[in-house]
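Number of protein chains: 2
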Amino acid sequence: MRHRLKDVAELAGVSVKTVSNVVNGYAHVRPETRTRVEQAIAELNYRPNLSARNLRKGRTGVIALAVPELDIPYFAELARHVVTAAAEHDWTVLIDQTGGAREQERVVAAGIRDHLIDGLIFSPLALTAEDLAGGLDGTPMVLLGERIDRGPADHVVIDNVAAARETTAHLIGLGRRRIAAIGAQRTPEGASARLRLAGYTQALAAAGIDYDETLVAPAAAWHRADGAAAVRELLTNGVRPDAVFCFNDTLALGALRALYEHGLRVPEDVAVAGFDDIEDGRFAVPTLTTVAPDKERIARLAVEALAGRLGGERDAPTRELVAPYRLALRESTLGRG
Amino acid sequence: MRHRLKDVAELAGVSVKTVSNVVNGYAHVRPETRTRVEQAIAELNYRPNLSARNLRKGRTGVIALAVPELDIPYFAELARHVVTAAAEHDWTVLIDQTGGAREQERVVAAGIRDHLIDGLIFSPLALTAEDLAGGLDGTPMVLLGERIDRGPADHVVIDNVAAARETTAHLIGLGRRRIAAIGAQRTPEGASARLRLAGYTQALAAAGIDYDETLVAPAAAWHRADGAAAVRELLTNGVRPDAVFCFNDTLALGALRALYEHGLRVPEDVAVAGFDDIEDGRFAVPTLTTVAPDKERIARLAVEALAGRLGGERDAPTRELVAPYRLALRESTLGRG
DNA sequence: AACGTTGCCTACAACGTTGTAGAAAGCTTC
DNA sequence: GAAGCTTTCTACAACGTTGTAGGCAACGTT
Numbered sequence: 001m002r003h004r005l006k007d008v009a010e011l012a013g014v015s016v017k018t019v020s021n022v023v024n025g026y027a028h029v030r031p032e033t034r035t036r037v038e039q040a041i042a043e044l045n046y047r048p049n050l051s052a053r054n055l056r057k058g059r060t061g062v063i064a065l066a067v068p069e070l071d072i073p074y075f076a077e078l079a080r081h082v083v084t085a086a087a088e089h090d091w092t093v094l095i096d097q098t099g100g101a102r103e104q105e106r107v108v109a110a111g112i113r114d115h116l117i118d119g120l121i122f123s124p125l126a127l128t129a130e131d132l133a134g135g136l137d138g139t140p141m142v143l144l145g146e147r148i149d150r151g152p153a154d155h156v157v158i159d160n161v162a163a164a165r166e167t168t169a170h171l172i173g174l175g176r177r178r179i180a181a182i183g184a185q186r187t188p189e190g191a192s193a194r195l196r197l198a199g200y201t202q203a204l205a206a207a208g209i210d211y212d213e214t215l216v217a218p219a220a221a222w223h224r225a226d227g228a229a230a231v232r233e234l235l236t237n238g239v240r241p242d243a244v245f246c247f248n249d250t251l252a253l254g255a256l257r258a259l260y261e262h263g264l265r266v267p268e269d270v271a272v273a274g275f276d277d278i279e280d281g282r283f284a285v286p287t288l289t290t291v292a293p294d295k296e297r298i299a300r301l302a303v304e305a306l307a308g309r310l311g312g313e314r315d316a317p318t319r320e321l322v323a324p325y326r327l328a329l330r331e332s333t334l335g336r337g
Numbered sequence: 338m339r340h341r342l343k344d345v346a347e348l349a350g351v352s353v354k355t356v357s358n359v360v361n362g363y364a365h366v367r368p369e370t371r372t373r374v375e376q377a378i379a380e381l382n383y384r385p386n387l388s389a390r391n392l393r394k395g396r397t398g399v400i401a402l403a404v405p406e407l408d409i410p411y412f413a414e415l416a417r418h419v420v421t422a423a424a425e426h427d428w429t430v431l432i433d434q435t436g437g438a439r440e441q442e443r444v445v446a447a448g449i450r451d452h453l454i455d456g457l458i459f460s461p462l463a464l465t466a467e468d469l470a471g472g473l474d475g476t477p478m479v480l481l482g483e484r485i486d487r488g489p490a491d492h493v494v495i496d497n498v499a500a501a502r503e504t505t506a507h508l509i510g511l512g513r514r515r516i517a518a519i520g521a522q523r524t525p526e527g528a529s530a531r532l533r534l535a536g537y538t539q540a541l542a543a544a545g546i547d548y549d550e551t552l553v554a555p556a557a558a559w560h561r562a563d564g565a566a567a568v569r570e571l572l573t574n575g576v577r578p579d580a581v582f583c584f585n586d587t588l589a590l591g592a593l594r595a596l597y598e599h600g601l602r603v604p605e606d607v608a609v610a611g612f613d614d615i616e617d618g619r620f621a622v623p624t625l626t627t628v629a630p631d632k633e634r635i636a637r638l639a640v641e642a643l644a645g646r647l648g649g650e651r652d653a654p655t656r657e658l659v660a661p662y663r664l665a666l667r668e669s670t671l672g673r674g
């Protein structure tokens, strides 16, 4: 039921290589021969064996995208954009979940899929630059996010500090003074957290507002539950913010939930801002003000960087590619227009 | 920088096949030889070429999961479970987005990744049984969802009719009588919609409530925006339901949003129920009552079915595997406990 | 002492494809 | 009308791996 070039060749009465030439669109084939071969292909429902082709060509046409978790909406949305961008290069995307665990990430970076993928787009949480130093093994990689400052690979980022600064400034501009920050992390995994916290403190300083430690709430992970827990803890400790800047949108959705449970109105009592612009936020009650990174651009930059590496410029110096973002101002800070 | 069995063999002073035997854990290798080979492997940082291995073995160790969209939370959550279940078989999962477009789905089914994947778990929206009839080409496939009633493949489902009936009965049990149904579809793609609508009407009939056409709102897609639009249209047409049964959770989240915009309280004025039990619903304001399919079980059934087909029972008659579900009763119908 | 068995290892071929080299035929050019 | 180019096609080898067949010791059995 499954046929090879050889079978097609015999049916069409030509050599194996001629069939291969037809399949690959080689120019110098007589139209008559081409037709005959194409008929044979159709008749046998022939499909090339990609394993064999890959072996021969040394390329697989598959790139991998490694993210912590697929059901974090930000990564799911990003994945969709990466798949779309990769399709333009005829690449298939293999999506890998690392769970954010360092060991798993190390395995991915070391290339467990070696020879199965042509390149890797990697959004690490726990991995360090040292983990990467060793095992790249020649497979090009593009890093996403802030975790690795200066690694052996191209790097796509947005300006986290500026985005956080502008968001905080927006809250200040609304007259808020007691602005909580949710999602602080002191672990090495918390690179994004550090940058966003820096933007937050810069904005406070610029407005002449004192930094108040009690308003800064840590969150181990950045899920809805963590955001809700952090806000609950603030409130039960008697802290009364008039705004909450959450370091991502799922935290913010959790925060909305906790504020609701405490009978606080958003934004009248407490304004809320997030980060990532996930779909949920656009339909939350109230809709969520957030930093909207250009995910489509991030994906495209990453894919193009890989394409560059694969296209010969293997040894070019690593670059840092900056994607744009914008502030999406919505009900959770502006109220209902 | 990239080495082959041959390089390792030369370094260790043994034959290529002996290295292969060590790599594959073949029993009859002298401990001394094994150690020497392992050292050589470590020294060269050797990794097997999977393309070559695949070519030789005829298996790739990769299965594909094809879903309409990754950033629909239900599919993202399902994908995570499939990846987890597949890992137990040492399979890598290649995730494919079809966009729900029939042409793309046909391509996937025809096996564009032929010889690249050992099996396919497929959640089609638009595909028909005829599309499948032709091109399976021997690659085992498992279907998810309701689209194809009786195809040439194993099939994992939940009892949509019963789940919808119970949900509607729950709303009736709360004293609601004017229950809207959101998400009806008359297109062939709307197989799930038809089954859920059937459950809805059965529950009404059982309670002696007349079916009211004006309460049934269609929705082309099942996104938040569609749910919001459907409810807005109902309300602006002067229809006043006291409950809304949405055919999935994203519709329900959109519905919550639209009800909020109209100043209606949930559940006091309108109770809301969804379907899928996505993470968002558990943190929505209010939290969402929903049908919770056992996604982990669905994923496991699908993967095990594939494993069975790959493990020899290729020609066994196709089976229909039913996964359990439960009703998750939350604030959007019960109110705040 | 002859025999079969087991353990350890090697040589060879094959998986299905494509790059290279080159043959045969037709065409252009002087 | 010979030389050289182009077109069309073929044969062969190679990509890196593993299954098969078999060789050679060392062992236990008769």
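Quick note, the sequences are listed as chains V and H, same order.
With our numbering applied, the first sequence covers 1 to 337.
With our numbering applied, the second sequence covers 338 to 674.
C-beta: ideal position from N, C-alpha, C; glycine also.
Here the structure is a predicted model, which means the values were calculated and not measured.
Buried/exposed call for residue i, threshold 16 Cβ in 10 Å
{"i": "N54(V)", "result": "buried"}
{"i": "Y383(H)", "result": "buried"}
{"i": "Q376(H)", "result": "exposed"}
{"i": "H599(H)", "result": "exposed"}
{"i": "K295(V)", "result": "buried"}
{"i": "N497(H)", "result": "buried"}
{"i": "A76(V)", "result": "buried"}
{"i": "H28(V)", "result": "exposed"}
{"i": "N585(H)", "result": "buried"}
{"i": "N49(V)", "result": "buried"}
{"i": "P324(V)", "result": "exposed"}
{"i": "R326(V)", "result": "exposed"}
{"i": "P525(H)", "result": "exposed"}
{"i": "E483(H)", "result": "buried"}
{"i": "T98(V)", "result": "buried"}
{"i": "T35(V)", "result": "exposed"}
{"i": "G618(H)", "result": "buried"}
{"i": "D90(V)", "result": "exposed"}
{"i": "R667(H)", "result": "buried"}
{"i": "G337(V)", "result": "exposed"}
{"i": "A42(V)", "result": "exposed"}
{"i": "E236(V)", "result": "Here residue 236(V) is Thr; the residue named in the question, Glu, does not match the sequence. By the neighbour-count rule (16 or more Cβ atoms within 10 Å), T236(V) is not buried but exposed."}
{"i": "T277(V)", "result": "According to the sequence shown, residue 277(V) is Asp rather than Thr. That one is buried."}
C-beta atoms of residue i and residue j nearer than 8 Å
{"i": "V353(H)", "j": "V374(H)", "result": "no"}
{"i": "I516(H)", "j": "A592(H)", "result": "no"}
{"i": "L234(V)", "j": "A221(V)", "result": "no"}
{"i": "A163(V)", "j": "G199(V)", "result": "yes"}
{"i": "L301(V)", "j": "P140(V)", "result": "no"}
{"i": "F122(V)", "j": "L94(V)", "result": "no"}
{"i": "D408(H)", "j": "E279(V)", "result": "yes"}
{"i": "A338(V)", "j": "V22(V)", "result": "The structure shown has nothing for residue 338(V), since chain V only spans 1 to 337."}
{"i": "A610(H)", "j": "T551(H)", "result": "no"}
{"i": "F245(V)", "j": "T167(V)", "result": "yes"}
{"i": "A490(H)", "j": "V640(H)", "result": "no"}
{"i": "L120(V)", "j": "R106(V)", "result": "no"}
{"i": "H418(H)", "j": "A636(H)", "result": "yes"}
{"i": "S357(H)", "j": "T60(V)", "result": "no"}
{"i": "L321(V)", "j": "H170(V)", "result": "no"}
{"i": "I546(H)", "j": "R514(H)", "result": "yes"}
Check: residue i C-beta below 7 Å from any heavy atom of the ligand ADP
{"i": "Y74(V)", "result": "The ligand ADP is absent from the structure shown, which contains no ligand whatsoever."}
- Name the residues in the stretch 259–279 of chain V whose C-beta lies less than 7 Å from a C-beta of chain H; which are they? Y260, E279
- Output, in sequence order along the chain, the residues in the stretch 27–58 of chain V whose CB is closer than 8 Å to any CB in chain H. Identification of residues in the stretch 27–58 of chain V having a C-beta nearer than 8 Å to some C-beta of chain H yields N45, R47, P48, N49, L50, S51, A52, N54, L55, given in sequence order.
- Item | Contact residues within the stretch 617–635 of chain H, judged by C-beta distance below 9 Å to chain V | D617, R619, F620, A621, V622, P623, T624
- Go through the stretch 290–333 of chain V residue by residue and report every complete run of the beta strand (DSSP E) that reaches 3 residues or more, in order. 320–322, 325–328
- Task: Anything in the stretch 217–229 of chain V with a Cβ closer than 9 Å to a Cβ of chain H? List those residues in chain order, please.
- Result: H223, R224, A225, G227, A228
- Message: For a minimum of 4 consecutive residues, which ranges assigned as the alpha helix (DSSP H) are wholly contained in the stretch 224–250 of chain V?
- Response: List check, alpha helix (DSSP H) in window: 224–236.
- Query: Hey, which unbroken runs of the alpha helix (DSSP H) at 4 residues or more fall wholly within the stretch 521–551 of chain H?
  - Reply: 528–543
- Residues in the stretch 410–427 of chain H having any Cβ partner in chain V nearer than 8 Å: Under the 8 Å Cβ criterion, the stretch 410–427 of chain H contributes P410, A413, E414, A416, R417, V420.
- Contiguous alpha helix (DSSP H) assignments of at least 4 residues, all confined to the stretch 378–404 of chain H: 387–394
- Check distances from the C-beta atoms of the stretch 584–596 of chain H to those of chain V and list, in chain order, the residues that come in under 8 Å. For the stretch 584–596 of chain H, the beta-carbon criterion of a distance under 8 Å to any beta-carbon of chain V is satisfied by L590, G591, L593, R594.
- Contacting positions in the stretch 638–661 of chain H - beta carbon closer than 9 Å to chain V: none
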